[in-house]
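Note that the protein sequences, when read in sequence, are chains A, B and C.
Residues 27 to 123 in my numbering are what the first sequence spells out, letter by letter.
Residues 41 to 756 in my numbering are what the second sequence spells out, letter by letter.
Residues 3 to 173 in my numbering are what the third sequence spells out, letter by letter.
Positions of the beta carbon are idealized from the N, C-alpha and C atoms, including for glycine.
Below: one structure, written as structure tokens.
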Amino acid sequence: MITEALLLSAILFVIGTFGVLVRRNAIIIFLAIELQLNAVNVALVAFSNLHGIDGQIFVFFVMTVAAAEAAVGLAIIISIFRHYETVDVNNFNFLKW
Amino acid sequence: MSPLIQGDGQPFGGGEYEPLVPGLILLLPLLGFLANGILALVHARASANAVREGGELDLGGRADRPSTHTWPTWIGPGVMGGAFFLTLVNFAGMFDAQLHEAVVISYWTWMATGTFAVEAAIQLDQLSMIMMMVVTGVGFLIHVFSVGYMRDDPGYPRYFAYLNLFVFFMLVLVMGASYPLMFVGWEGVGLCSYLLIGFWFGDREKSDAGKKAFIVNRIGDFGFLVAMFLLFVEFGTLDFVPIFEEAEALVYGGGLVTAITLFFFLGAAGKSAQMPLYVWLPDAMAGPTPVSALIHAATMVTAGVYLVARSSVLFALSPIGSATVACVGAITALFAATIALKQNDIKKVLAYSTVSQLGYMFVAVGVGAYAAGIFHLMTHAFFKALLFLGSGAVIHAMHEAYHQTHRQADPQDMRNMGGLRAHMPITWATMWIATLAIAGIWPFAGFFSKDEIIWQIAAFGGAEAAAFPILYTMVWVIALAAAVLTAFYMTRLMLMTFHGTNRTGEKESGYLNEAPATMWVPLAILAPLSLFGGWINVPEALQTSWAGLSGALPTTEWLHHWLEPITEQAHHIQEVNLGELGHTAPFGGGEVLWAFISTSAALLVVLAAVRVVGSEEIRDAASDESRLSGFGKLLLNKYYVDEIYDRFIVNTVRRKAEFFWKVVDVGIIDRFLNALGWVTKGVGWGVSMFQTGAVNTYAFVLTVGALIVLGLSVLT
Amino acid sequence: MVTILFYLFAAVAIGGAIGVVLAKSPVGSLLFMVTTLGAIAATFVLLEAHFLAAIQVIVYAGAIMVLFMFVIMLLNLGHDYEGDFRGGLYAIISFVVVGAIAGVIKNDLVGTQQLEATGAESIAAAVEESGVVGAIAHPLYTTYVVPFEITGILLLVAIVGAVALAKRNVT
């Protein structure tokens, strides 16, 4: 079952990656990133079945970081939205010069 | 080491030598420089403001001059007086003590890299003490003289700032306990020389003269540096004491020590104006006359002699190095003396005379007579400073006279002088004393120092195992010839300046006046020194003869014994390798006989010159139409050395420089660099296309990158 | 039975994930996401990680997703979903790239022998000794106490950062 869990993790991860690549709505991109994090969590839990409790503790940390990231990321989206009245990442091309 | 023995065989008084604040001797001129420098800056700003407002800083009334102009009068000579006093105290302390080893006082570590460390340390020994006495003593008198000479110059505070800085660096040069520290002083005095030669930088010719001095000195400094590197490679240190202790391990006459001495001599030749690097010194006369007296006659130019005397152990180990020093010195002495015969500018005559006398000093140190070289250095400092200051007084008077009548004429041209004796008797009397001293007439100072040098050449050439006896015979003959020429051109100078009829002009002659007290008092102090200064080192052989007034003269070879701790190692090397020195001159005769011959020859030449020059009709510069021809013309034009240098060295370098500038630099390097710039710009423009600023693209590239990494990990 | 359940929840999770990516409206996307999270929580249970399953539901689905919902509602993005999806060549290339990644991973996993749950016994022993929560809490407060404290600081920084970013500029 561990192998299957790892496969599930891989599938979820690439779906998340695909979402990040093809969506334009910043919030949905964010959701896709959360999906990738969850895929990693699945892998970690699967590995904890192989190597002991440490994997689960890592998941714990990943969740904490995800929460922090969500808070800051959403705050950034809000402030960008205030500025541009949109959350379409096609308009966010100021990451240059 | 043998104890220091005074002439009568009594040891010096015992007692320990405790240096009294020697650092302060150095610090005082530096403080003077800082104080005067700040005043000069304030002064310059004030005069710049005055110029901006359409006028100029008024120095007219002497009573109400700005304080920036009056304070240097006290600060400049004041710090020098203090330094001289401290030097005297220290000298007295050292005189009392039997000092065998140099006192080295280290203040801090200047730089340390790996095993190499240079301490900021001063070395007090008999040699540096003599040099300090000359520098501070003569320097003090010249500072006092400058007060009168430069009084009305708008750059007065700047002048004293430079002069104080010069003295500081000169003291670093003579007091430094290692070659790098000496080099600091060496470069520092070069800088000050440059600043002071070009003191009136508004005049293109004068600022060029400063540059010339600086550049020619660079050639010599290269030699000094290379010699230092060689020393470091061999000894791993550059401090005087350990180097000289270990130097005897070197092979006598070996290649290394010969190279070191030759490179050191290149440095010395640059600084001390020896062939072929002497050309800057005559041009250096563009500076104020007291500067010529202090820097270009009494102190800085003797640094090369000091260097050789300080490194006496190394030079003694290299017969080739020493012979080079002696030969170059002799040739320079004769060469410069012949040029001086036909010069009309009073300062030029003295400049060539200085070059010639420096040649003498090098002959002395080249034949291992280090004490004699330092002796001549000291007496020369007295009488040449006196001559320069006297000529300064003359020029000052001439300048004043022309200034009063608004006439444009050269106040330095001797053809415009004549008969000044009636107008400036003190200057006349003191300068005659100096002239007789430099001519080498008994009992003036120059007689003893010059005679000792000539005798030492003979003695060295006549040593049992002398390296090049014939060479030293030639040097001996040249030295005698140069001595005779010296007597001639100096007498000519005196006659053209002070005797005969006055050629300044009818109106002008009324304004010719004796110099003020600040100027003639230093002359009056230097005159007895030029007269009696030689008596401190009366040779043993002469002391009991007529020349020593049958033993009435006070001391026997005092300076010789005083410097023994410095020179005895070199003398020991000499004795081991060359055997005992000779006792007769090349063509027979002893010391007493040749002393008599040389002084009477000099006296005869002086008298002959009085007849020859006195009978000539000299016309003032403007109406002088006599054209010299043949050898005289060659001499007047200084053997065309400057022209030859221009033609063959300066122009070649300039052509090459032009080639490198226009072809190599502009044509190749600049183009290459520009092309490099364009390529970089183009590549940057191309790559910047990837930076879209769109987050998606970045995410995509990131993913592709992840795929590549993963794929590589699978494949390998 | 457990294996069947696992496949079932895995299918739900994958379906939800596809829904997240393909749903037109952000709210729809979010609801698919909640579904996926729930399914993942169920797989956690099946993988004997009971505490994490609870946390997954409470923190992820309950807190973070609600936060997302707040933002979507706050921004009031309306119903103009046109052009939200990058179609065409870009989507195909992206699909190929992520497919390649998945292929590489699958290639890696399938070749290996069946993995044995060697760590499961130690977990079971820890749960036996100090309960489901204690089994995680014990190492968290001993071995991992420093990272744990650092996450506390991280959260604090995140809060301050979020407030600073989101608040209106007071002029």
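Contact list for residue i against chain C, beta-carbon separation under 8 angstroms
{"i": "A/Ile102", "result": "Leu167"}
{"i": "A/Val85", "result": "Ala51 and Leu54"}
Beta-carbon proximity check, residue i vs residue j, cutoff 9 angstroms
{"i": "C/Ile66", "j": "A/Ala92", "result": "yes"}
{"i": "B/Gly294", "j": "B/Ser396", "result": "no"}
{"i": "B/Leu574", "j": "B/Thr419", "result": "One detail in the question is off: residue 574 of chain B reads as Gly in this sequence, not Leu. Yes; because the gap between Cβ atoms is below 9 angstroms, this pair is in contact."}
{"i": "B/Gly486", "j": "B/Phe423", "result": "yes"}
{"i": "B/Thr732", "j": "A/Asn64", "result": "no"}
{"i": "B/His436", "j": "B/Gly72", "result": "no"}
{"i": "A/Leu47", "j": "C/Ser27", "result": "no"}
{"i": "B/Ala441", "j": "B/Leu552", "result": "yes"}
{"i": "B/Ala503", "j": "B/Glu608", "result": "no"}
{"i": "B/Leu398", "j": "B/Thr372", "result": "yes"}
{"i": "B/Leu221", "j": "B/Trp150", "result": "yes"}
Where residue i meets chain B, residues with beta-carbon distance less than 9 angstroms
{"i": "C/Ser96", "result": "Phe740 and Thr743"}
Nearest-angstrom Cα separation, counted from residue j out to residue i
{"i": "B/Ile45", "j": "B/Glu141", "result": "Confidence in B/Ile45 is poor, its pLDDT being 35 and thus under 50, which makes the residue's placement unreliable; the coordinate value appears in the next sentence. Distance between the alpha carbons of B/Ile45 and B/Glu141: 15 angstroms."}
{"i": "B/Ile182", "j": "B/Glu159", "result": "32 angstroms"}
{"i": "A/Ala94", "j": "C/Gly40", "result": "21 angstroms"}
{"i": "B/Leu271", "j": "B/Ile283", "result": "8 angstroms"}
{"i": "B/Arg258", "j": "B/Gly310", "result": "8 angstroms"}
{"i": "B/Glu56", "j": "B/Pro62", "result": "16 angstroms"}
{"i": "C/Leu77", "j": "A/Phe107", "result": "8 angstroms"}
{"i": "C/Gly21", "j": "A/Arg50", "result": "16 angstroms"}
{"i": "C/Val135", "j": "C/Ile125", "result": "12 angstroms"}
{"i": "B/Val174", "j": "B/Pro194", "result": "29 angstroms"}
{"i": "B/Phe428", "j": "B/Ala333", "result": "5 angstroms"}
{"i": "B/Arg532", "j": "B/Asn384", "result": "10 angstroms"}
{"i": "C/Phe53", "j": "C/Ala44", "result": "11 angstroms"}
{"i": "A/Ser35", "j": "B/Ile709", "result": "60 angstroms"}
{"i": "C/Ile60", "j": "B/Ala739", "result": "30 angstroms"}
{"i": "B/Gly745", "j": "C/Val29", "result": "32 angstroms"}
Partner residues on chain B for residue i, Cβ-Cβ distance less than 8 angstroms
{"i": "C/Glu102", "result": "Residue identity check: residue 102 of chain C is Ala in the sequence provided, not Glu. Simply Leu747 and Gly751."}
{"i": "A/Thr43", "result": "Thr743"}
{"i": "A/Leu47", "result": "Asn736, Ala739, Phe740 and Thr743"}
Residues near residue i by beta carbon distance below 7 angstroms, same chain, minus five either side
{"i": "A/Ile53", "result": "Ile103 and Val113"}
{"i": "B/Gly413", "result": "Val345, Ala349, Met401, Ala404 and Val405"}
{"i": "B/Asp660", "result": "Arg455, Asn456 and Arg543"}
{"i": "C/Pro141", "result": "none"}
{"i": "B/Ile300", "result": "Ala267, Leu270, Leu271 and Leu354"}
{"i": "A/Phe73", "result": "Gly81"}
{"i": "B/Leu126", "result": "Leu60, Val61, Leu64 and Ile65"}
{"i": "B/Met190", "result": "Tyr196, Tyr199 and Pro328"}
Residues near residue i in its chain [Cβ-Cβ closer than 8 angstroms; skip 5 each side]
{"i": "B/Ala59", "result": "The amino acid occupying residue 59 of chain B in the given sequence is Pro; Ala does not appear at that position. If we look at B/Pro59 and ignore the five residues flanking it on each side, its Cβ neighbours are Asn130, Gly133, Val143, Ile145 and Leu164."}
{"i": "B/Gly672", "result": "Lys382"}
{"i": "B/Leu211", "result": "Ile65, Leu66, Pro69, Ala123, Met172, Val175, Thr176 and Gly225"}
{"i": "B/Ile481", "result": "Phe487, Ala527, Thr639, Ala642, Leu643 and Val646"}
Chain-ordered neighbours of residue i on chain C, where CB pairs are closer than 9 angstroms
{"i": "B/Val754", "result": "Val106, Asn109 and Asp110"}
Contacting residues, own chain, Cβ-Cβ under 6 angstroms from residue i (five flanking each side not counted)
{"i": "B/Leu417", "result": "Thr342, Val345 and Met401"}
{"i": "B/Gly501", "result": "Pro509, Tyr512 and Thr513"}
{"i": "C/Ala19", "result": "Thr38"}
{"i": "B/Gly230", "result": "Asn257"}
{"i": "B/His83", "result": "Thr108 and Pro197"}
Identity of the residues DSSP links to residue i by a beta bridge
{"i": "A/Arg49", "result": "C/Phe87"}
{"i": "B/Glu56", "result": "None, per the DSSP bridge assignment."}
{"i": "B/Ala157", "result": "B/Ala152"}
{"i": "B/Thr596", "result": "B/Val578"}
{"i": "B/Val524", "result": "For B/Val524, which the question treats as bridged, DSSP gives no partner whatsoever."}
Amino acids of chain A, ordered along the chain, whose beta-carbon sits closer than 9 angstroms to that of residue i
{"i": "B/Thr720", "result": "The premise fails here: B/Thr720 is roughly 17 angstroms from chain A at the closest Cβ pair, so nothing lies under 9 angstroms."}
{"i": "C/Leu77", "result": "Ile53, Ile103, Ile104, Phe107 and Val113"}
Neighbouring residues, chain A, relative to residue i (Cβ below 8 angstroms)
{"i": "C/Ser124", "result": "Gly78 and Ile79"}
{"i": "C/Thr38", "result": "Leu38, Leu61 and Asn64"}
Chain B residues whose Cβ lies nearer than 7 angstroms to that of residue i
{"i": "C/Val99", "result": "Thr743, Val744 and Leu747"}
Check: residue i C-beta below 8 angstroms from any heavy atom of the ligand SAH
{"i": "B/Pro62", "result": "The model on display carries no ligand, and the ligand SAH is accordingly not part of it."}
Contact list for residue i against chain C, beta-carbon separation under 7 angstroms
{"i": "A/Val68", "result": "Ile42 and Thr45"}
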